[in-house]
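Comments concern the structure below.
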Ligand code: ADP
Ligand code: MG
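Residue numbers (the working numbering): 2 to 241.
Okay, here's the thing in structure tokens:
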């Protein structure tokens, strides 16, 4: 049965790197339009979950279904991903960073791709930076270009892996604001972040990972008030 209101369904997913089990029996459902925040200590497997969803790595056990189809059936650009390091092409202008995917992978004409790129640069509030090289921009601006680049593929799901962790403190807010706009527009989002203010404002649910497991999932108002697990409580004590 095709359940079109479900964006992501992971069922019993386990993954190993050689003998090391990095993910243990992960089950997780994200509805279309939902915003899920994933947090947890370093090494708990958060990035691995995101990389699996993006199709960048394979798992050994369990199933991952995306909007009724399987991972392998995903079309280019169906999933947008934003990393901690912005991963822009340094030798291309901002505009060319944005048009590359739509032209090469989606077959858009240069003119259409440029229209689209300018629209999304507006959306991330840096229309005036189109002709610059990434190295001429601040970290916050580069990360907003990375978000715009993902949006240019018109993805159904956006994955963020610690998008503000590499930024100077004064640039974090501008990136979170853009992410909040996107959330308000109804985008389905999975965000690995320790920005708990953002989580409180934006997340429908927060998942806490530790040791390759999802230890707890709950609504922000519930987990911030009274996490069910000791491990999550200790973690929140440390970061809040
Ligand atoms: P997190 O994002 O929560 O910090 P990761 O998903 O990056 O955690 O990594 C989880 C664990 O898997 C870590 O112990 C890490 O060292 C290990 N790991 C990640 N990638 C690889 C890899 N390519 N080969 C071997 N071990 C890896
Ligand atoms: Mg990580």
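Note that beta-carbon positions come from the ideal geometry of N, C-alpha and C, so glycine has one too.
Sequence-distant residues of its chain with Cβ nearer than 6 Å to residue i (five each side left out)
i: residue 64; result: 12
i: residue 41; result: 47, 209, 210, 211
i: residue 230; result: 216, 217
Local Cβ density within 10 Å of residue i, reported as buried at 16 or more and exposed below that
i: residue 241; result: exposed
i: residue 36; result: buried
i: residue 105; result: exposed
i: residue 45; result: buried
i: residue 92; result: exposed
i: residue 277; result: For residue 277 there is no data in the structure shown, the boundaries of the chain being 2 and 241.
i: residue 150; result: buried
i: residue 217; result: buried
Residues that residue i bridges to, as DSSP identifies them
i: residue 62; result: 15
i: residue 36; result: 190
i: residue 82; result: 160
i: residue 219; result: 207
i: residue 29; result: 11
i: residue 22; result: 17
i: residue 171; result: Residue 171 pairs with nothing; no bridge assigned.
i: residue 155; result: According to DSSP, which records beta bridges pairwise, residue 155 is partnered with nothing at all.
Selection from the options that minimises the alpha carbon distance to residue i
i: residue 90; options: 137, 25, 59; result: 137
i: residue 166; options: 67, 92, 193, 100; result: 193
i: residue 97; options: 52, 113, 86, 83; result: 113
i: residue 28; options: 215, 204, 224, 239; result: 215
i: residue 33; options: 62, 21, 190; result: 190
i: residue 88; options: 125, 126, 162, 62; result: 162
Check whether residue i and residue j have beta carbons under 8 Å apart
i: residue 234; j: residue 228; result: yes
i: residue 81; j: residue 154; result: yes
i: residue 213; j: residue 25; result: yes
i: residue 8; j: residue 99; result: no
i: residue 54; j: residue 160; result: yes
i: residue 145; j: residue 171; result: no
i: residue 95; j: residue 157; result: no
i: residue 207; j: residue 38; result: yes
i: residue 85; j: residue 135; result: no
i: residue 203; j: residue 181; result: yes
Own chain partners of residue i with C-beta closer than 8 Å, once the 5 adjacent residues on each side are dropped
i: residue 128; result: 119, 122
i: residue 30; result: 7, 9, 10, 11
Residues near residue i by beta carbon distance below 7 Å, same chain, minus five either side
i: residue 23; result: 16, 17, 46, 49, 213
i: residue 103; result: 109, 114, 117, 153, 154
i: residue 71; result: Residue confidence for residue 71 is low, a pLDDT of 49 falling below 50, so the modelled location carries little weight; the figure read from the coordinates is stated next. Excluding positions up to five away in sequence, the list is empty.
Closer than 8 Å to chain D by CB, residue i
i: residue 236; result: Among the chains of the structure shown, chain D does not appear; only one protein chain is present.
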